[in-house]
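Let me begin by presenting the structure, written as structure tokens, before commenting on it.
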Amino acid sequence: MTLPALHVNWTSPYRHGLGRHGDLAARAYRLPPEEIVTTVHSALAWRRHHGPIGLLTDSLGASYAKEQGIDALYDDVDAALDDLDAVDLDPLVYSTGAKIHAAALRRAPFAIIDTDLYLRRPLALPEGVGFVFAHWEDLDPVIYPDVADVPNHAGADLARWTFDTPAANMAISVFRDDAHRAAYAEAGMAYAVGNAGPYDGDVHVRAVFAEQRLAPAVARTLGTELRPATERFWLGGREAWDGPDHTDLWHHTWHLKAQLRTFAELRPVYLRYLVEDLLWRFPEAEPLLLDVPALAEHAALIRLTAADLRAHGPTTLGTAR
Numbered sequence: 404m405t406l407p408a409l410h411v412n413w414t415s416p417y418r419h420g421l422g423r424h425g426d427l428a429a430r431a432y433r434l435p436p437e438e439i440v441t442t443v444h445s446a447l448a449w450r451r452h453h454g455p456i457g458l459l460t461d462s463l464g465a466s467y468a469k470e471q472g473i474d475a476l477y478d479d480v481d482a483a484l485d486d487l488d489a490v491d492l493d494p495l496v497y498s499t500g501a502k503i504h505a506a507a508l509r510r511a512p513f514a515i516i517d518t519d520l521y522l523r524r525p526l527a528l529p530e531g532v533g534f535v536f537a538h539w540e541d542l543d544p545v546i547y548p549d550v551a552d553v554p555n556h557a558g559a560d561l562a563r564w565t566f567d568t569p570a571a572n573m574a575i576s577v578f579r580d581d582a583h584r585a586a587y588a589e590a591g592m593a594y595a596v597g598n599a600g601p602y603d604g605d606v607h608v609r610a611v612f613a614e615q616r617l618a619p620a621v622a623r624t625l626g627t628e629l630r631p632a633t634e635r636f637w638l639g640g641r642e643a644w645d646g647p648d649h650t651d652l653w654h655h656t657w658h659l660k661a662q663l664r665t666f667a668e669l670r671p672v673y674l675r676y677l678v679e680d681l682l683w684r685f686p687e688a689e690p691l692l693l694d695v696p697a698l699a700e701h702a703a704l705i706r707l708t709a710a711d712l713r714a715h716g717p718t719t720l721g722t723a724r
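The sequence shown begins at 404 in the working numbering and counts up one residue at a time.
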């Protein structure tokens, strides 16, 4: 099924993080190598399986994409997220808040897909389903407290929505019902804007509520059909998965990022895995990777991986081949 998609890259969390620590000029904006490789894979895979993909970003993000040559992956690069600089949306509380704003800028049908997730085969998009998302998550009370206990300094009217589902992970968000898309974008921004006051709970509570609780709650209120892309269920309180494996459908780096920060020695191994997975499916991406300045120090790894694939196929992908 042809369906346009967006990558969303909001650099405001980076810019405000440096500013609040008093070292705004400490280092230039950059993405880690594994994030660049997954971005390339994500864009190429979406185009192969579903069609057009654009980049929604801000001026810094657009400049970085052009500098690295990854702007060539997209049908268009839109710096409309500059507009969020005038909105009271705290980027350090809502680091993914620009995805809510993105839902306000486009009409359905379209998808938002995270840059750290790439498809290995097409999504199943049944007719009549209004909102397709990555997977359900259980309501671990640390991350997803009761609605009455969620900080709401802006006074958003949460009583109007039907909170009777688990949380919907939105690393993939397919909006096919325009009424749901518009109502969710309005509800998410109404909750998040001006809602960054003191809170003693988990740092992620407000951000995930604004997306992963509100999107399905709005759908339930409007009668919009919900469908997870995979039946695999994330048990946040146990840090474990339940249900059928989704390895053949996509790869998502989210759960590995904290581990890579802790165990830096594993990063080269994981980068090899990501490069191999990309070049096994898209061998034509090798020149693009070699031309990305931020990947220059990994050029030998990229060339070696490509040569190994030509010689004997994948060595690290296992069942994901």
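Glycine included, every Cβ here is placed at the ideal spot set by N, Cα and C.
As the structure is a computational prediction, the values presented were derived from the model and not from experiment.
Q) Thinking C-alpha only, which one of 501, 480, 481 and 478 is nearest residue 489? A) Here the closest residue by C-alpha is 501.
Q) Is residue 593 helix, strand or coil by DSSP? A) Of the three classes helix, strand and coil, the one that applies to residue 593 here is helix, per DSSP.
Q) So residue 464 is in the alpha helix (DSSP H); what residue range does that whole segment cover? A) Run containing residue 464: 462 to 471, per the alpha helix (DSSP H) assignment.
Q: Would you please state the rounded distance, in angstroms, between the beta carbons of residue 583 and residue 551? I believe it to be under 8 Å.
A: With a Cβ gap of about 24 Å, residue 583 and residue 551 do not count as contacting.
(Q) For residue 675 and residue 669, what's the separation of their Cα atoms in angstroms? (A) Those two C-alpha atoms are separated by around 10 Å.
(Q) Applying the 10 Å Cβ sphere with the 16-neighbour rule, what's the burial state of residue 521? (A) Classification of residue 521: buried, given that the 10 Å Cβ count is 16 or more.
(Q) Given this structure, state the Cα-to-Cα distance separating residue 407 from residue 718, to the nearest angstrom. (A) Those two C-alpha atoms are separated by around 33 Å.
Q: Report the partner residues of residue 409 according to the DSSP bridge assignment.
A: DSSP output for residue 409 lists 457 and 515 as bridge partner(s).
Q: Leaving out five residues on either side along the sequence, give the residues of the same chain with a beta carbon under 7 Å from the beta carbon of residue 449.
A: If we look at residue 449 and ignore the five residues flanking it on each side, its Cβ neighbours are 408, 456, 516 and 522.
**Q.** Simplified DSSP assignment, three categories, for residue 686
**A.** Three-state result, residue 686: helix.
(Q) For a test of the three-state rule: what should DSSP assign to residue 564, helix, strand or coil? (A) Reduced to three states, the DSSP call for residue 564 is coil.
**Q.** Spatial distance of residue 471 from residue 433 (CA atoms)
**A.** C-alpha separation (whole angstroms): 10 Å.
Q) So, residue 474 versus residue 482, is the Cβ gap smaller than 7 Å? A) Cβ distance not < 7 Å, so residue 474 and residue 482 don't count as in contact.
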